[in-house]
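Protein chains in written order, with this note's numbering: chain A, 662 to 775; chain B, 5 to 117.
All C-beta atoms in this analysis are idealised placements derived from N, C-alpha and C, irrespective of residue type, glycine included.
Before any comments, here is the structure.
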């Protein structure tokens, strides 16, 4: 059983460009969320998707947007990249049915903005 | 608003010594609490979680944590440290449903011979 998978693992972008990161949730999970982890800090919640809609959002600007597909996979898009967007982006999944369920994380996508 | 505080950004112990990583939380509702471990250049792996019921929670790799409501704490312990325990540890809180976790700033554990 594959866990949460993310792609790409590493990428370098130039300031002002746009980036798309992809995530496939663990089998049986319908809820996906994204986190940003800057160097030396804890992950920060960006947003959560289920039933193909954004359900909850953290304190991130509109430059950060997402999408969830019918197969529950998800994309994170960041427009007009800033140097400060350089971070590890983590995707997490869980079933939506119970709050106590474990949230599983992927290995992350390392984004460097130059 | 909920928050998580991890005391000590860096903790160093000798191999075989007790590991104690501190976590305090603030929440307006009964929280679900988690400890995750992150090895270099990897994602987060769940060590253990507290949802309801028994306040002493046992996790993987010999770790355990005790939920103390009166102290708003959820400290992580391991009786005997191993070199392979060297990693960053994150305490996290979840209020209600969904996937929103609020993380602490992490504690880097170093294990010395």
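Give me the chain B residues within the contact set of residue i, using Cβ-Cβ distance strictly less than 7 Å, ordered along the chain.
i, result
"residue 713 of chain A", "Result: empty, since nearest Cβ-Cβ is about 15 Å, beyond 7 Å."
"residue 755 of chain A", "103"
Identify every residue that forms a DSSP beta bridge with residue i.
i, result
"residue 671 of chain A", "A/771"
"residue 725 of chain A", "A/739"
"residue 28 of chain B", "B/9, B/77"
"residue 69 of chain B", "B/61, B/80"
"residue 709 of chain A", "A/694, A/717"
"residue 640 of chain A", "Absent from the model: residue 640 of chain A. The displayed extent of chain A is 662 to 775, so no value can be given."
"residue 23 of chain B", "B/82"
Using a cut-off of 9 Å between C-beta atoms, extract the partners of residue i located in chain A.
i, result
"residue 107 of chain B", "696, 698, 702, 703, 704, 705, 706"
Which residues bound the beta strand (DSSP E) around residue i?
i, result
"residue 14 of chain B", "14-18"
"residue 51 of chain B", "48-54"
"residue 114 of chain B", "111-116"
"residue 43 of chain B", "From DSSP, residue 43 of chain B is part of no beta strand (DSSP E); its letter is neither H nor E."
"residue 754 of chain A", "748-755"
"residue 94 of chain B", "91-98"
Closest by CA to residue i, which one among the options?
i, options, result
"residue 59 of chain B", "B/78, B/51, B/47", "B/78"
"residue 36 of chain B", "B/105, B/116, B/113", "B/105"
"residue 689 of chain A", "A/749, A/767, A/726, A/757", "A/757"
"residue 715 of chain A", "A/702, A/699, A/691", "A/691"
"residue 87 of chain B", "B/56, B/74, B/6, B/20", "B/20"
"residue 685 of chain A", "A/732, A/727, A/738", "A/732"
"residue 729 of chain A", "A/719, A/740, A/753, A/762", "A/753"
"residue 5 of chain B", "B/81, B/97, B/63", "B/97"
"residue 707 of chain A", "A/717, A/681, A/699", "A/717"
"residue 749 of chain A", "A/680, A/700, A/665, A/678", "A/700"
Using a Cβ cut-off of 9 Å, pull out every chain B residue sitting near residue i, in sequence order please.
i, result
"residue 736 of chain A", "Within chain B, no residue comes near residue 736 of chain A; the closest Cβ sits about 16 Å away, beyond 9 Å."
"residue 751 of chain A", "47, 48"
Using a Cβ cut-off of 7 Å, pull out every chain A residue sitting near residue i, in sequence order please.
i, result
"residue 46 of chain B", "768"
"residue 63 of chain B", "Under the 7 Å cutoff, chain A gives no residues; its nearest Cβ is about 11 Å from residue 63 of chain B."
"residue 94 of chain B", "703"
Run through chain A and tell me which residues come within less than 8 Å of residue i, C-beta to C-beta.
i, result
"residue 71 of chain B", "Simply none; closest approach about 13 Å."
"residue 12 of chain B", "Per Cβ cutoff of 8 Å: no residues; residue 12 of chain B is ~14 Å from chain A at best."
"residue 66 of chain B", "By Cβ distance, chain A contributes nothing, its closest Cβ being about 19 Å from residue 66 of chain B, past 8 Å."
Please compile the residues from chain B whose C-beta is within a distance smaller than 8 Å of the C-beta of residue i.
i, result
"residue 673 of chain A", "Neighbours of residue 673 of chain A on chain B: none; closest Cβ ~16 Å, over 8 Å."
Would you say the beta carbon of residue i is closer than 7 Å to some non-hydrogen atom of the ligand MN?
i, result
"residue 757 of chain A", "As far as ligands go, the structure on display features none, and thus does not contain the ligand MN."
How about residue i: is its C-beta nearer than 8 Å to some C-beta of chain D?
i, result
"residue 736 of chain A", "Among the protein chains of the structure shown, namely A and B, there is no chain D."
For the structure I just gave you, are there three or more beta carbon pairs, one from the stretch 39-46 of chain B and one from the stretch 88-95 of chain B, closer than 8 Å? yes
Cβ contact (3+ pairs, closer than 8 Å) linking the stretch 65-74 of chain B and the stretch 45-56 of chain B: yes
At a cut of 8 Å, does the stretch 761-774 of chain A reach the stretch 667-679 of chain A through at least three beta carbon pairs? Because the criterion of three Cβ pairs below 8 Å is met, the stretch 761-774 of chain A and the stretch 667-679 of chain A touch.
Quick test of the definition: if touching needs 3 or more C-beta pairs under 8 Å, does the stretch 25-35 of chain B touch the stretch 5-16 of chain B? The answer is yes - the stretch 5-16 of chain B touches the stretch 25-35 of chain B, with three or more Cβ pairs under 8 Å.
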